[in-house]
Each structure stands twice: as structure tokens, then as C-alpha cells.
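Each remark here refers to the structure printed beneath this line.
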Amino acid sequence: MGRISGLVPSRFLTLLAHLVVVITLFWSRDSNIQACLPLTFTPEEYEKQDIHALPAVTEMALFVSVFGLKKKPF
């Protein structure tokens with residue numbers, strides 16, 4: 024068994040932080056979309072902003088899954 028260096032815990036904490044951010048963004052997606060719209064907005068404007076926000080959230084989820092499932096050498 025090798026000695027655990029400081030890099031492994033820091034990678035885990037970074038990955039865990041990204042996961043928390045992605046989960047928070049998915050839960051608060053509706054309020055984030057409404058925050059970037061004017062006080063009076065149409066359903067079409069909401070749908071347009073929702074379509075623009077979805078790829079960014081999906082990209083962050085993919086980032087977490089790729090780096091979380093990556094096989095690490097021991």
C-alpha cells in the first residue's frame with residue numbers, strides 16, 4: 024500500500040464541490056432563469072432562457088461524471 028498524498032483528498036474535495044454546485048443549479052434552475060428575465064416576461068421568453076441555460080448545466084453535470092468515473096491509477 025502506498026502512502027496517500029495530499030493530491031488525492033484535494034481531487035476528491037474538488038469533485039465533491041462541483042457535484043454540490045451542479046445539484047444546486049438543477050434544484051434552483053427555475054429561480055435562476057427568472058432572475059435573468061425582466062419582472063414581466065412572456066412564456067416564450069422563459070422558454071428561450073431555459074433553452075440557453077440547459078447546455079451549461081448539462082456540461083457541468085458531464086464534467087462531474089467524467090472526472091468522477093475516471094479510473095485513477097494506484
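As numbered in this note's numbering, residues 24 to 97 make up the sequence shown, in order. We put the beta carbon where it would ideally sit given N, CA and C, even for glycine. Fair warning: this is a prediction, and the values are worked out from it, not measured in the lab.
Residue i in three-state terms, based on DSSP
i   : result
L62 : coil
S33 : helix
K71 : helix
S54 : helix
Beta-carbon contacts of residue i that lie in its chain and below 8 Å, excluding the five residues immediately before and after
i   : result
I56 : Y69, Q72, D73, A76
Under 8 Å between C-beta atoms of residue i and residue j
i   : j   : result
L36 : V87 : no
L38 : G91 : yes
>> Counting beta carbon pairs with one atom in the region 80-87 and one in the region 60-72, are three or more of them shorter than 8 Å?
In response: no
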